[in-house]
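Let me begin by presenting the structure, written as structure tokens, before commenting on it.
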Amino acid sequence: MRRDNSLGKIDWITVILYVLLACIGLAFIYATTYSPINPSFFRFNTSYGKQFIFFGLSLFVAIVILILDSKFYTSFAYILYGLIMLLLVGVLLFGVEIKGSKSWFKFGAIAFQPAELAKFATVLGLAKYLSSYNINLEKLKDKFTAAAILFLPIGLILLQGDVGSMLVFSSLVFLLHREGLESSFLVIGFGLIFFSVMALLFSSYVLIMSYAFVLILVFFYNRKDAYPILKLIYWSLFFIIINVVFSKFIIPILPENFTFPYIILALLFTIILCVGFFLNRSGKPIIKLLIGVFFAVSFYTLSVNYLFNNILKEHHRNRINIILGKIHDPSNVGYNLEQSKIAISSGGFFGKGYLKGTQTMLNYVPEQSTDFIFTSVAEEFGFVGSFFLITIYVAFLLRLIFLAERQRSQFSRVYGYGVVSIFFIHFAINIAMTIGLAPVIGIPLPFLSYGGSSLLSFTILLFVFIRLDTQNMLILR
Amino acid sequence: MNKKYTDRKGVLQILIVAIAVIFLLKLFFLQVIDKKYKEAAENNAINKVKLYSDRGLIYDRNDELLVYNQPIYDIKVIPRQVKDLDTTLFCSLLDIEKEQFISKMKKLKSGISYYRSNDFLKQITSLEFTKFQEFSFKFSGFYGVPRTIRKFKHSTGALIFGDIGEVDSTDIKNSDNYYLPGDYIGKSGIEKVYEEYLRGERGYKYVFVDKFHNQKGAFNEGLEDLKPVSGQKLKLSLDVKLQMYGEKLLQNKIGSLVAIEPSTGEILALVSNPTFDPNMLAGRERSDNYKLLQKNKLSPLFNRAIMAQYPPGSTFKPVTAAIAMQEGIISKNFPYKCNLSYSIPGYTLHCSHRHTSAKNVMDAIQHSCNPYFWHVFRTNIDNEKYQDSKQAYTIWKNYCTQFGFDRKVGIDLLGEKEGNIPSTQYYNKLYNGSWRASTIISLAIGQGEITVTPLQLANFYTIIANRGYYIEPHLIKKIDDKNPDPFLKIDSKLSKDNLEAIAQGLLQVVDIGTGRRSKIPGLIFGGKTGTAQNPHGDHHSIFAGFAPIDKPKIVVATIVENAGGGSAFAAPMSSLIIEKYLNDTIMNSRKWLEKSILDAVFIDSTMLSQ
């Protein structure tokens with residue numbers, strides 16, 4: 004088949020955004036190692052020197068990918084998937100342990116993490132599967148097959164003890180949703196995460212009370228009322244009084260380790276709802292759903308706690324508690340986050356200027372060239388710089404969605420969505436953690452963070468999509 | 002089918018934009034509105050400050066405080082923050098030379114240390130620091146960090162307590178990075194052996210500090226701080242009064258003295274002389290003083306009580322007798338006629354002094370009759386009961402090992418020496434396989450190759466005092482008011498009757514024998530004098546014994562180098578220790594004895610002057 008002039012249709016906007024992000028990365032990897040006392044010249048044995056080499060290598064690989072026939076990816080999708088899964092098994096057997104995760108192959112000075120390539124492989128595998136004939140994610144069987152393709156690498160990576168990468172894979176649920184997975188999965192998924200985190204952060208008693216409170220408010224809110232807010236206020240007061248009575252006078256007289264408070268509580272709640280139901284003439288059929296949701300959520304909260312305290316081992320519990328910020332860990336995650344926030348905050352509106360960030364220079368922020376690279380951008384270029392960087396990133400992500408949507412071929416679209424989902428989750432979690440909106444989970448900011456194998460893998464992931472896009476009018480299978 | 006779910010393309014787009022907006026709002030709040038973190042950054046941020054734990058205190062057996070902590074300060078500097086310094090005032094307050102200051106600062110101004118907090122001057126006293134603090138507003142970039150060093154209430158027991166010093170890289174490595182540079186660690190003695198109890202647990206706090214390194218309050222209300230845990234207090238078995246009295250008696254002499262409570266194995270005194278003030282090795286002068294002590298020809302750093310190895314001489318004779326009795330070679334009533342000489346094939350040996358012939362073991366010990374013990378030893382080793390002399394000797398040596406000779410007795414101090422009882426193999430090699438009792442006859446009276454440490458000697462007499470066993474000698478009594486793990490009780494394999502006979506002999510020594518000058522009116526005790534041959538000069542005076550003879554409370558072994566026979570110095574000195582411990586005072590009729598010992602000088606005057 005002639006490749007006609009498809010290479011001329013490269014989406015240069017994406018390529019330029021990619022080069023821009025990588026160059027910002029290089030500039031700030033240099034900034035994190037810069038010392039005004041010995042301003043060293045460019046050397047290959049430094050971190051920015053290594054990153055520079057890897058950037059060159061990535062560009063070379065990108066060109067190779069663009070030259071290769073796009074048919075290659077569709078035809079070899081499963082084979083690539085299979086090979087890379089074997090690598091994941093291999094790393095469990097022959098890998099070396101770095102920072103607590105046995106997820107690296109080491110060749111001399113170069114360490115390489117197959118989990119990075121696994122993202123590419125999984126997206127490829129899903130794209131191939133979902134674009135094959137007569138696949139419908141609303142069918143149970145197809146759902147299971149797609150889930151198997153996704154969960155195989157997740158399982159293998161969890162065995163390596165790499166929680167961060169596992170989170171990244173879970174972002175592919177966006178891809179599945181776009182291709183027909185029911186929205187309830189997305190809602191329940193987010194719900195489970197939300198309620199689990201809440202269950203571990205707060206006491207069951209407070210939580211169940213709060214859920215009950217929210218549900219009661221939902222139940223009694225009636226737009227047709229003359230003063231709907233007033234009614235909410237007196238129901239709230241009633242609820243609070245009952246609550247105070249319950250926690251002050253009833254719980255203290257119960258024997259210790261008595262689990263029945265929750266049952267009494269549930270009964271109490273049911274009674275309130277029923278009383279309300281009879282008082283409230285306008286009566287809503289929603290009551291059954293509300294009670295159902297309440298019991299489900301309460302039960303879930305209690306069982307999460309039970310599982311956490313009785314099934315998990317001490318070190319697992321500690322790990323989760325560290326992520327949740329409930330305990331202070333030996334490597335001082337809380338301290339690092341605080342330093343990151345200080346550095347970002349000290350940037351102010353306009354920043355301190357390139358290579359003038361004192362917090363960056365003094366290495367106050369650990370892991371600054373890798374996971375906390377955003378911190379130095381924010382310190383040295385201030386809010387203006389953060390705004391600019393986030394805008395570039397958003398433009399990049401939206402551009403990728405735009406590209407994905409314009410594919411005639413389902414394979415290319417699914418692949419495109421996979422690429423966006425992965426870059427998006429990295430972007431969201433990485434920046435959220437540096438500014439204190441998410442627990443510190445060590446995952447890099449694609450193209451900016453220091454790390455040769457990650458830059459290379461992200462480049463491969465992206466440029467395969469750019470290559471597929473050059474033939475967006477074609478239907479590939 | 003391809004376009005079936007196009008309505009869903011908005012979900013991810015909305016999510017991306019929403020997250021970006023949340024990020025920008027949070028960033029705007031952090032970077033433009035919120036002042037809290039900005040101030041922290043201006044003030045050079047939050048610092049994690051190490052909080053050092055107080056080292057555990059050390060008490061003696063009567064709860065007298067011996068070792069405690071004294072506050073000192075380390076002066077630190079962040080060179081970048083040093084501005085407009087009044088160098089003259091600074092140097093005069095800290096008592097340093099200006100050149101020293103300049104060269105120190107020059108070193109610190111290079112590389113990353115320019116930005117970091119560096120040690121400038123260590124361990125200045127709190128008095129000096131108070132003066133420095135008055136002018137600290139003039140010394141931007143310099144600040145003090147409180148530490149503690151050890152302080153010793155009495156100038157005694159330097160080698161027992163040991164010293165502490167900054168960790169070196171091996172300490173850090175061995176501790177699996179528990180220690181951090183700048184931490185103190187026990188370097189010798191009790192400080193080292195009980196380091197893990199004494200050190201406590203380091204803490205830390207997070208504080209906001211300004212550029213003068215003044216702390217501006219706790220971060221996050223101190224919720225993330227960790228309080229240091231003080232070290233545990235140690236109660237030693239040592240009786241500090243006895244220890245000091247022992248050191249006083251040994252003044253101007255080289256030697257050592259070990260006192261043990263036999264029923265428990267607790268060490269009451271462990272004296273090694275010459276000694277030094279333990280405070281010399283605490284504080285800023287530690288390394289200078291250490292070098293001085295190392296150079297001293299009298300080796301004050303050498304703990305003679307557990308490291309010096311002497312031939313035990315006649316104090317070893319009870320061993321020879323005890324083994325022969327236990328092996329059934331002789332009974333306690335075994336008589337031997339001493340005609341002042343003893344012939345063995347090849348040559349004739351002579352008894353040291355004229356005395357009536359021994360009717361039994363007790364008499365032999367009383368008279369310290371050499372031919373008696375030669376004969377007993379020879380009968381023992383060349384006995385037909387055994388396959389050959391070699392087998393007999395191997396058994397004989399095993400007894401000695403059982404008594405704690407030729408191995409570490411196991412005191413809770415480092416560097417204990419093993420002494421020497423030659424092995425069968427050693428003699429096989431030395432004499433080409435053909436040897437018998439007569440070849441090694443000098444072992445019988447504690448001469449020849451035999452060496453023992455004062456601790457081993459005291460330990461053997463503990464066996465006699467206990468009529469059968471000893472408990473591993475140790476210095477620890479309580480850790481944080483709790484008993485430490487029980488120490489091993491080791492059986493000597495000697496029968497009570499045989500040891501009773503030996504004890505009777507020891508009693509006669511003090512009562513009517515070689516030790517009678519050391520008799521304490523009203524106190525019946527036993528012991529044995531000895532003289533260690535010293536090829537390099539005057540003989541060493543040795544004594545080992547215990548008191549009272551029944552239910553003994555104290556065992557003493559004393560060695561005074563170059564002081565001549567055992568009865569001359571070691572025995573009276575031991576008797577004074579016994580009297581001091583049991584009666585708490587020296588009776589008037591014996592004051593002359595005490596004075597003569599205090600006045601005696603057995604150190605070469607040329608060495609003293611160094």
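So the sequences go chain by chain: A and B. Every position in the first sequence, counted from 1, becomes a number in my numbering once 3 is added. Every position in the second sequence, counted from 1, becomes a number in my numbering once 1 is added. Cβ coordinates follow ideal geometry from the N, Cα and C atoms, glycine included. Note that the structure is predicted; figures quoted are calculated from it, not measured.
Checking 9 Å against the spacing of the C-beta atoms, do residue i and residue j come in under that value?
i: residue 13 of chain B; j: residue 396 of chain A; result: no
i: residue 530 of chain B; j: residue 502 of chain B; result: no
i: residue 407 of chain B; j: residue 506 of chain B; result: no
i: residue 532 of chain B; j: residue 525 of chain B; result: no
i: residue 259 of chain B; j: residue 459 of chain B; result: yes
i: residue 20 of chain B; j: residue 435 of chain A; result: yes
i: residue 456 of chain B; j: residue 306 of chain B; result: yes
i: residue 313 of chain A; j: residue 410 of chain A; result: no
i: residue 182 of chain B; j: residue 74 of chain B; result: no
i: residue 49 of chain B; j: residue 203 of chain B; result: no
i: residue 97 of chain B; j: residue 142 of chain B; result: no
i: residue 151 of chain B; j: residue 205 of chain B; result: no
i: residue 447 of chain A; j: residue 374 of chain A; result: yes
i: residue 214 of chain A; j: residue 108 of chain A; result: no
i: residue 398 of chain A; j: residue 389 of chain A; result: no
i: residue 588 of chain B; j: residue 536 of chain B; result: no
i: residue 567 of chain B; j: residue 316 of chain B; result: yes
i: residue 313 of chain B; j: residue 547 of chain B; result: no
i: residue 239 of chain B; j: residue 577 of chain B; result: no
In three-state DSSP terms, what is residue i?
i: residue 535 of chain B; result: coil
i: residue 253 of chain B; result: coil
i: residue 610 of chain B; result: No answer about residue 610 of chain B holds up, because its pLDDT of 43 lies below 50 and its placement is not dependable.
i: residue 451 of chain B; result: coil
i: residue 284 of chain B; result: coil
i: residue 53 of chain B; result: coil
i: residue 394 of chain A; result: helix
i: residue 586 of chain B; result: coil
i: residue 357 of chain B; result: coil
i: residue 153 of chain B; result: strand
i: residue 421 of chain B; result: strand
i: residue 342 of chain B; result: strand
i: residue 573 of chain B; result: helix
i: residue 412 of chain B; result: coil
i: residue 176 of chain B; result: coil
Just checking my contact of residue i with residue j at CB under 8 Å: how many whole Å lie between their CB atoms?
i: residue 266 of chain B; j: residue 474 of chain B; result: 5 Å
i: residue 295 of chain B; j: residue 157 of chain B; result: That pair is no contact at about 21 Å.
i: residue 554 of chain B; j: residue 508 of chain B; result: The pair is not a contact, with the Cβ atoms about 16 Å apart (cut-off 8 Å).
i: residue 326 of chain B; j: residue 318 of chain B; result: Not confirmed; about 13 Å, so no contact.
i: residue 94 of chain B; j: residue 136 of chain B; result: 7 Å
i: residue 239 of chain A; j: residue 413 of chain A; result: 51 Å between Cβ atoms; not a contact.
i: residue 122 of chain A; j: residue 64 of chain A; result: Wrong, their Cβ atoms sit about 16 Å apart, outside the cutoff.
i: residue 250 of chain B; j: residue 153 of chain B; result: Going by Cβ atoms, the distance from residue 250 of chain B to residue 153 of chain B rounds to 20 Å, so no, they are not a contact pair.
i: residue 207 of chain A; j: residue 310 of chain A; result: Between residue 310 of chain A and residue 207 of chain A the Cβ distance is about 13 Å, and since that is not below 8 Å, they are no contact.
Give a yes or no on contact between the region 180-189 of chain A and the region 133-152 of chain A, applying the rule of three or more CB pairs nearer than 8 Å.
-> yes
State whether the region 223-240 of chain B contacts the region 432-452 of chain B, with contact taken as three or more CB pairs (one from each stretch) at a distance under 8 Å.
-> no
If we count Cβ pairs, one from each stretch, closer than 8 Å, do we get three or more for the region 492-512 of chain B versus the region 461-468 of chain B?
-> In this structure the region 492-512 of chain B touches the region 461-468 of chain B; the number of beta carbon pairs closer than 8 Å is three or more.
Segments of 3+ residues assigned as beta strand (DSSP E) that fall wholly inside the region 91-121 of chain A = 99-101, 104-110, 113-115
Stretch pair the region 72-86 of chain A + the region 138-146 of chain A: three plus CB contacts closer than 8 Å | no
Segments assigned alpha helix (DSSP H), at least 4 residues, entirely inside the region 486-550 of chain B = 497-512
Counting Cβ pairs closer than 8 Å, one from the region 185-202 of chain B and one from the region 161-176 of chain B, do we hit at least three?
-> yes
Could you pull out every unbroken beta strand (DSSP E) segment of at least 3 residues lying fully inside the region 75-148 of chain B, listed in chain order?
-> 119-126
Whole alpha helix (DSSP H) elements within the region 433-478 of chain A, 4-residue minimum = Given a length threshold of 4 residues, each whole run of the alpha helix (DSSP H) inside the region 433-478 of chain A is given here in chain order: 455-472.
For the region 91-98 of chain A and the region 428-448 of chain A, state whether three or more C-beta atom pairs, one from each stretch, are separated by less than 8 Å.
-> no
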